[in-house]
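**Student:** Protein chains in written order, with the numbering used here: chain W, 1 to 604; chain Z, 1001 to 1287; chain H, 2001 to 2321; chain C, 3001 to 3519. The structure is given below, and queries will be raised subsequently.
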Amino acid sequence: MNPLLTVQDLHVQAAHRTLVRDVSFDLRAGETLGIVGESGSGKTVTARSIVAMLPEGLRASGTVAFDGIPLLGKRERELRPLRGTRFGMVMQDPFTTLNPLQTTGEHIRESLPRALQRSRSTAQAEVARRLAEVGLDPADIAKRYPFQLSGGMRQRVAIAAALAGDPELLIADEPTTALDATTQAEILGLLRKLQTDRGMALILITHDLRVTFSVCDRVLVMYAGSVLEDAPSAAMTRAPRHPYTLGLLLAEPPVSHVVARLNSIPGSVPLADEIADTCAFTARCEWARPVCSAGRPSLTVIDGGRSSACLRIAEIGQEVDVRQTTLGEPATSAPVNAGDPILTVTGLHKVHRTSGLGGRARTTPAVADVSFEVKQGESVGLVGESGSGKTTIARCVLGLATPTSGTIRLGPLDVSDPRRLTRSQRRQATQLVQVVFQDPYASLNPMLTIGATLGEALTAGGGGTVAELLRQVGLPAPYARRKPAALSGGERQRVAIARAIAVRPKLLICDEAVAALDVSVQAQILELLREVRRTQGTSLLFITHDLAVVRQMTDRAVVLRRGEVVEAGRTETLLDSPTHPYTASLVASVPGGQPEAVNRAHGA
Amino acid sequence: MVAVSQVPAGRARSARRNRMPITVRLATGWLFVAVVLAVFGRRLAPFDPGEQNPLLSVSPPSGAHWLGTDQLGSDVLSEVMAGAGTALLGPLCVALGTVLLGGALGLLAGYRGGLIDSLTNRFADLMYALPGLLVIVVVIGVVGGGYWVAVAVLTVLTLPGEIRLCRSATQVQARLPYVEAARTLGLPAARIMRRHILPNIMPTVIATFLLDFVGALVSLSGLSYLGLGAPPGIPDWGALLQTGQNLLTDNPMISLVPGALIALTATSVTLLGDWLYDRYSVGGTRP
Amino acid sequence: MMLLSFTARRLAAAAVLLLVLSFGVFALLAMTPGSPLQTLIGTRPATPELIETLNAKYHLDQSFLTQYWSWLGNAVRFDFGQSISVQVDRGVTGLIGDRLLLSLQLAVYAVILVLGFGVPLGMAAGIRRGRTTDRTVSLLATFGISAPAFVLSIALLYVFGVWLDWFPVFGVGEGFRDRVVHLTLPAIALAGFLSAIVIRQTRAATLTVMHQDYVAFARIRGLSPFRVLVRYALRNSALPIVTSAGMLLIAALSADLFVEQVFSLPGVASLLLQAVTDKDIPVVQGVAVLLGMVVVLVNLLVDLLTLVLDPRTRTSQNRGA
Amino acid sequence: TGGSGTPAGAAPATESDIPSFTYAIPAMPTSLTGITTKVQTQLITSLVTEPLERVSLNEGTAQLQPNLATSARQVDPQTLVYTLRSGVKFSDGTPLTADDVAWSIKAAAAKTAETAGNMAGFAGATASGPGEVTVKWAFPSVNMRETVSELPVLEAAFATAHPDDLGTSAALPVGSGPYAYQSQTSQDISLKPNPNYWGTRPKAQNVKFTVIADGASAQLAMRSDSIQGSGIADLKTTTQWQGINGTTVYTAQNLVSDLLSMDTSKPPFNDLHVRQAVAYSIDRKGILAAAFGGNAEQLQTLVPIEELAGVMPSQAEAQQFLDSLPQYELDPAKAKAQLAQSAYPNGFSVTVPYINGSNWSRLLVLNLQQNMKPLGVTITPQPVPAGQWFQTFFSHQATGLQVLSGFSTTTTDPAGLLFGFVGAANMKPNLPNSANFTNDVIEKNYPAIAPATAGTYSKADRWAATKAILTDVAHQLPYIPLFSEKTAYALAKGYTFTQNPSLFDTLSGAWIDLLRSTT
Ligand SMILES: Nc1ncnc2c1ncn2[C@@H]1O[C@H](COP(=O)(O)OP(=O)(O)OP(=O)(O)O)[C@@H](O)[C@H]1O
Ligand SMILES: Nc1ncnc2c1ncn2[C@@H]1O[C@H](COP(=O)(O)OP(=O)(O)OP(=O)(O)O)[C@@H](O)[C@H]1O
Ligand SMILES: [Mg+2]
Ligand SMILES: [Mg+2]
Ligand code: NI
């Protein structure tokens, strides 16, 4: 049987650099292929090349043939009949993929085959059928505009629209990344169901290996624009055939148990052009030998449909297998020797006021009656899906927002109303609590050098030198002279941590501190935070939506939903035997279904 | 959720940034000349621009007078060169005044919010509904006051746009984690505004400064063209354009050259401003 | 119902704004050095008898507020009093009425040109970002937005009117065809400036829209380019363009002043300028309030149009997520 | 000089009809009552509401031609009796009566009328018989006939029926001239033929006046055949007008005085040296070329020689006298020397208002500004609207340095215009002695030229007094005589004037009779 899609030697070039190099794979009808890789590895660019929809300024070369028809270099006019009817695509962000000025019904109707569009009533019936297929109530949804739907509903509509032309291949580019954990599981389930029902081929792009394994037959691992491994899911889980795949698998913190040391891949992802004639992974590989940098290894078939781009896989295969099974073993969680409360939040309410159109004020309750405490030396997790109020609570504690009601005490200090604090109280608060934010790119002032940023933090208290701080977070001292633009995401996050610990705060709030980082770097930062806690006795308030991270980093956890606490308790108890249905559903939505599985909500 | 999957500021981007399009380079070149003229025009001019020779009234270009003479027999080239000063000084004052006042108010309103914010917002709302040039024409034409009152009124009318721009740029910055981190470190508001926000909104400020300058240049020279701007006897491009229009067939250079220079200068500044804006834009919308 | 209450609220706000504006104009003009008497007296010797007669006729001796109140009372009935410098029937209202038609015709002509050229050019530039089309159009737009309206008008007048002699250089023409021919150069001058703004706005909007995921998604679904262009690109970029119509209008008013001046068109803007030169205060007040009304009305229309164009603003429902 | 001959190259006139004729005016008249002192307004109104007699300039003196009045008798120096043409009808068909004329004269003398200033001494007008009107003056007057004859005659019944809006488009006056008002908008005034006109019809059937504010636009209008005639405000552009295909320019000498006045009652101009420094700082010859392109003459004293006609023994003698008066030409060295001797050796500052739109005034002030700059004198030009300028001028307050532009009269006698510039009697508000200039010499000789008293002096005494005053003015320099501008008209291809229309023709409506087609 001929493959439905053949990609041969795909190269994608931007003005001055290569984005994707030598990508080749086949896809048979009805097959499910996963493409995994960290941010910037070229997944989206590859997918866009397949549907011949590259962003302006990018050029693709090589072969992409769909059902024997070469797609690259074809004109728009010739491609159009294929699009939608033979292959389709769903994009990452459901909030932006739909035309805001068009109802969902219209979206689906315009994508239907010509014949079905002609008659009004048939079209209407068909739209209803398609909406029902993706699990939406047609009567209600068809007339709604995108802004009137939730993210999950929008993604369903987008899927229905993409499938309206009954394509034989559907490409889904991170279709769940922008969604909540629970919704994610639903959408993945839906995709799987549609794929089997229709027998169509599916390419699922994600940055999360676990998600891929749960959905796909075969997985392609991409790194810096190249494919490093191509293997069936089952085989790859069992025995990855590339050190990078192994690194990825190990870097994912397990959700089922605490590990003593989080594995990370040292260094950071290179640019595609830096690895033009060496093994892509050689700089970060512990098994690297001079031969690895001698030339660019190609993807070679090893066995049973597995291919790897590692030259030395035959020699090191054994070691890799051993590593895969031994590491990540459960560790006994250290006993918590909690002291006095450092943070006490009681009955916190926060209502956001926004002025709407025509000057009418709208109020959004963000946090309602939240109480919890963090003791000296303790690490507490704040868990909940997007919009549940986690950041709002953090901002109130930090004095960046004023609570509507309720009290917040930092040790001896009442900081419920930041505007009423005296100058010295404010100074005191500074020494008590500091923060690390999610976005490493916006966390640092781009105009100031690292040294200046840290120097400024040191003036706020603490004592010590910039060099010392840099050493503490594992950065070389000369970094002080650099501007943030010259640092990678992980390095920036280290600087952000250094700035926070400069004043030696009693409590460190981490708001999704690793959510924006690549899996291979994420573990480094988590490990650094663990170390900070260990060495300085700092309490942590750890905000995340990632249950695996909660498991690794916290002693106790508070589960939030729509601004209210639904459950709180020891992390182990909470995750292993949740009592509240919402917590249970959170735990259940981790890919793989059971909390025992080596799975996590999803990576970053 | 993952909201950020940012493209790191890589080499490719900075390479693209550093290339200045030929049009912008030409524009910068002309602006350099214009600035030199504005500062030294009077001294570089071949004749004293005020020197009159009524018997040579409105003569066409010649070897001695490259652009001919005007009605009083003054050398047009010298007047144009000296006129650069007047033509650019007023707009410069407007743009400077707007940027200093508007920038400060915008920064304050954007960072502090509250009463200052609503006050400046109401003020901006009111001013936005007024066609600036007509207001100035009415004020100068009926109430009187001349050139410098026009400059003042224009500054007041340009302020709202500037305030809004700086305000929204500030708001964008103020919500960024690096500012919040600075606040968490307990740094004083003044320091945060000066050291953290200001440098980051500076590109916006500079770009709007240039665009404000263009607006003022066009308005003020227009006002002079209507006879309400630069006082008689002061060489000015707009005024030359107007007086020369009557004598177009005798010596077209009197209006042609100043008209072309106004358009050229305005276009050049816009080109430069746009380029800067696109290059360093940090948020907020173009006025 | 939502639309009605919104309109009512905006109308009330507009009325207040107009009241503030009219009071502002009245106060401003009351502060002018010398009284309107001076203009009324003109070149006549100011005998006490004359002053007395004029005071009685124009109520100049009353207090400021009384004057404003009686002016307002008449103004709401569209009676803006008598012009000081031109004594025509129906006073200021008649004077404005005489000239409004021409200004409106010019405006309509210019708007047609702007929509016919500015929007398509802007879209073309936005879609072909970075190519020659884009660079040419953008440069032209930059020039158009920077070059003052009077320079453009004079250039058009002398190049196409006097030098090439393609268009009449004076007058407004009788009858439709003739009027169109006469208004062509002024309309181009006005539209040149406005198009420049519109091109830039459209280009920016199109650029934004064309980079939106929903456009890519539409293309991937194989929708016809026409549908993508109209239903996706144009409708979505129309919003920011429509929203800026108020600003456009204000720009147009300033440009119109020069266009009418250079082409000696008897429109409203040139009436204002003439009144200003003559210190004809009743006319200045009348025109100012009229223009204020136009600005307020257009802004109101823009808001209503936004409501119609954008379903998001139509209901108070929040995004469902 | 004045009144006769046509420019070389003008096409020969034919007697064919001109169906319609459009003439450009710089501004819309404030009012069309016809009772006005504004030349631009009278140019229009005199075609509808005609005068009793038409003044024309002949051999340097004003001559009166019969019009609505067939004759006028000066019964005594204070009484004038007009005999009216019989059978004249207004355009609406009602016959013109002596009452209409009497009413019209009284209307012109009303305190609120623009012409009130000219009618000082008016003591009444009565219909003393059918077709006879008697006008009385309170004192013997030398110029009452010129003043009264020039006034417009309106239909009294119509005028009294519209006391408030007469002269607006709602109530356009009814007259007996060759035309009647058809309509007025803010932009133009249309005249139609008066079916009841008593005289010979002008060739132009319909006449339209359209407002074109600036000269450049008027040139364009003529270029595109939108207008057939126009006055030329900026005489420097005469050559440009001639450049328009087929356009002919007509110029005529006028009795116009352009002066610079200096307030002799206040510093710094109360210092004669300062006034002389100013006089030596004006490049009159240069301005003559630069501002008028030669279409003006240098003024030797306050008024052109023609305005002395009523008192001078002969033109030659008068000219000899004028030539003997000291003249001041541009001389920086003398200017410097004069200022050095004054109380302000280091200069002073002064703002000079002038009528906005008067191009030559602007150039003159700029010339003065430039020439006095080296002396440390700072001159700030200040263009102001005409109304405001007259207001300042007539207020006698802060008049400082004033540019007097286009003062003219139809009376060729010192009692017409000249007398007003001097003497304590004219130093009050609303009187034109803006220099506030007087002294013993002036006061002693003033009665001989003042309208109210001149009638009691002999011509020889009056000439002696005039000479004494003008000599004193030339030495004391309250005014610096500048120019006497010509008036210029442009006619489009296909039209011609049979002779250069003078200012008097413009004022009396006779100009339209000169208009011919050339096809
Ligand atoms: N239009 C473009 N012009 C230039 N470079 C681009 C463009 N689009 C993407 N890139 C670069 O191409 C590389 C691969 O990008 P791509 O979007 O395919 O990554 P990805 O694997 O989908 O990452 P993510 O998980 O963040 O979505 C990145 O380095 C990115 O910076
Ligand atoms: N400044 C604000 N103005 C108005 N509403 C706000 C504001 N900030 C947050 N909200 C709203 O408050 C609610 C809670 O937001 P918050 O950012 O605290 O959630 P979160 O749990 O941190 O979500 P995420 O995981 O997406 O970061 C949301 O509904 C959000 O829309
Ligand atoms: Mg991607
Ligand atoms: Mg958050
Ligand atoms: Ni995530």
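Using N, Cα and C, we set each Cβ at its ideal position, and we do this for glycine too.
#1: Interface residues of chain H around GLY88/W at Cβ under 7 Å?
#2: Following a CB-centred definition, is ASP173/W positioned closer than 7 Å to any heavy atom of ligand 3?
#3: SER3517/C bridges to which residues according to DSSP?
#4: Give the straight-line distance between the Cα atoms of VAL1257/Z and GLN1242/Z, rounded to the nearest whole angstrom.
#5: In this structure, how does DSSP classify MET3372/C when only helix, strand and coil are distinguished?
#6: Write down every uninterrupted run of the beta strand (DSSP E) in the stretch 3059-3089 of chain C whose length is 3 residues or greater and which is fully enclosed by it, in chain order.
#7: For GLY2116/H, which three-state DSSP category applies?
#8: When DSSP labels each residue in this structure, what does ASN3206/C get in the three-state scheme?
#9: In chain Z, which residues lie with their C-beta within 7 Å of the C-beta of LEU3363/C?
#10: Near THR3438/C, what residues of its chain come up, given a Cβ to Cβ distance below 6 Å and the 5 sequence neighbours on each side ignored?
#11: Rounding to the nearest angstrom, what Cα-Cα distance links ALA3125/C and VAL3133/C in this structure?
#12: Below 7 Å, is the gap between the Cβ of GLY384/W and the nearest heavy atom of ligand 2?
#13: With respect to 7 Å, is the separation between the Cβ of VAL45/W and the closest non-hydrogen atom of ligand 1 below this value?
#14: When burial is assigned at 16 or more other CB atoms within 10 Å of the CB, is ASP3513/C buried or exposed?
#15: Assuming ASP2303/H is part of the alpha helix (DSSP H), what are its boundary residues?
#16: Output the distance between the C-alpha atoms of HIS242/W and VAL301/W, rounded to the nearest integer angstrom.
#17: Under a Cβ-count criterion, where at least 16 other Cβ atoms within 10 Å of its own Cβ denotes burial, should SER589/W be classed as buried or exposed?
#18: If we define contact as Cβ-Cβ less than 8 Å, is THR1270/Z a contact residue for chain W?
#19: Consult DSSP for ARG621/W and reduce its assignment to one of helix, strand or coil.
#20: So which residues on chain C does LEU2095/H lean against when the C-beta distance must stay under 7 Å?
#21: Since GLY381/W sits in a beta bridge, which residues does DSSP pair it with?
#22: Could you tell me the distance, in whole angstroms, from the CA atom of ILE3018/C to the CA atom of MET3119/C?
#23: For HIS11/W, report the span of its beta strand (DSSP E) as first-last.
#24: In whole angstroms, what separates the C-alpha of ILE2197/H from that of VAL134/W?
#25: Is any non-hydrogen atom of ligand 2 found closer than 7 Å to the C-beta of GLY2073/H, if you look at the structure I gave you?
#26: Could you tell me the alpha carbon to alpha carbon distance between THR2047/H and LYS3089/C, rounded to whole angstroms?
#27: Between GLY399/W and ligand 2, is there a pair consisting of the residue's CB and a ligand heavy atom that are separated by less than 7 Å?
#28: Could you please give the first and the last residue of the uninterrupted beta strand (DSSP E) stretch that includes TRP3137/C?
#29: Please work out which residues of its chain come closer than 7 Å, Cβ to Cβ, to ALA2013/H, disregarding the five sequence neighbours upstream and downstream, and give them in chain order.
#30: Going by DSSP in three states, ILE3449/C sits in which element: helix, strand or coil?
#31: Check each candidate in ALA3123/C, GLY3175/C, SER3128/C and name the one with the smallest Cα separation from THR3033/C.
#32: At a cut-off of 7 Å, is ASP439/W close to ligand 4 when judged by its beta-carbon and the heavy atoms of the ligand?
#33: Under the rule that 16 or more other beta-carbon atoms within 10 Å means buried, what is GLY2073/H, buried or exposed?
**Tutor:** The relevant details are as follows:
#1: Simply ILE2220, ARG2221.
#2: It does: the Cβ of ASP173/W is within 7 Å (strictly closer) of some heavy atom of ligand 3.
#3: Beta-bridge partners assigned by DSSP to SER3517/C: THR3014/C, TYR3495/C.
#4: Cα to Cα, the separation comes out at about 12 Å.
#5: Shown here, MET3372/C sits in a helix according to DSSP, grouped into three states.
#6: The beta strand (DSSP E) runs lying completely inside the stretch 3059-3089 of chain C and spanning 3 residues or more are 3061-3066, 3069-3076, 3079-3084, given in chain order.
#7: Per DSSP, reduced to three states, the secondary structure at GLY2116/H is helical.
#8: Reduced to three states, the DSSP call for ASN3206/C is strand.
#9: Within 7 Å Cβ-Cβ: GLN1071, LEU1072.
#10: The residues GLY3423, ALA3424, in chain order, have a CB closer than 6 Å to that of THR3438/C in the same chain once the five nearest residues on each side in sequence are set aside.
#11: Distance from the CA atom of ALA3125/C to the CA atom of VAL3133/C, rounded to whole angstroms, is 7 Å.
#12: At least one heavy atom of ligand 2 is nearer than 7 Å to the Cβ of GLY384/W, so yes.
#13: Checking the Cβ of VAL45/W against ligand 1 gives yes.
#14: Result: buried.
#15: Segment 2281-2309, the alpha helix (DSSP H) holding ASP2303/H.
#16: Looking at the two C-alpha atoms, the distance is approximately 12 Å.
#17: So SER589/W counts as buried.
#18: Chain W contact via Cβ: absent.
#19: Within the shown structure, residues of chain W are numbered from 1 to 604, placing residue 621/W beyond reach of any answer.
#20: For LEU2095/H, the C-beta contacts it makes with chain C under 7 Å involve SER3186, in order along the chain.
#21: In the DSSP output, where bridge partners are listed per residue, GLY381/W has PHE542/W, ALA557/W.
#22: Cα-Cα distance, rounded: 38 Å.
#23: Looking at the DSSP string, the run of the beta strand (DSSP E) that includes HIS11/W is 5-13.
#24: Here the C-alpha atom of ILE2197/H lies approximately 45 Å from the C-alpha atom of VAL134/W.
#25: Short note on GLY2073/H: C-beta not closer than 7 Å to any heavy atom of ligand 2.
#26: Roughly 35 Å between the two C-alpha positions.
#27: In this structure, GLY399/W has its CB at a distance of at least 7 Å from all heavy atoms of ligand 2.
#28: For TRP3137/C, the uninterrupted beta strand (DSSP E) segment begins and ends at 3132-3137.
#29: Closer than 7 Å at the Cβ level, and outside the excluded window around ALA2013/H, lies no residue.
#30: In this structure, ILE3449/C counts as coil in the three-state DSSP scheme.
#31: Taking only the C-alpha atoms, the option nearest THR3033/C is GLY3175/C.
#32: Judged by the Cβ position, ASP439/W fails to qualify as a neighbour of ligand 4 at the 7 Å threshold, every heavy atom of the ligand being at least this far.
#33: Under this definition GLY2073/H is an exposed residue.
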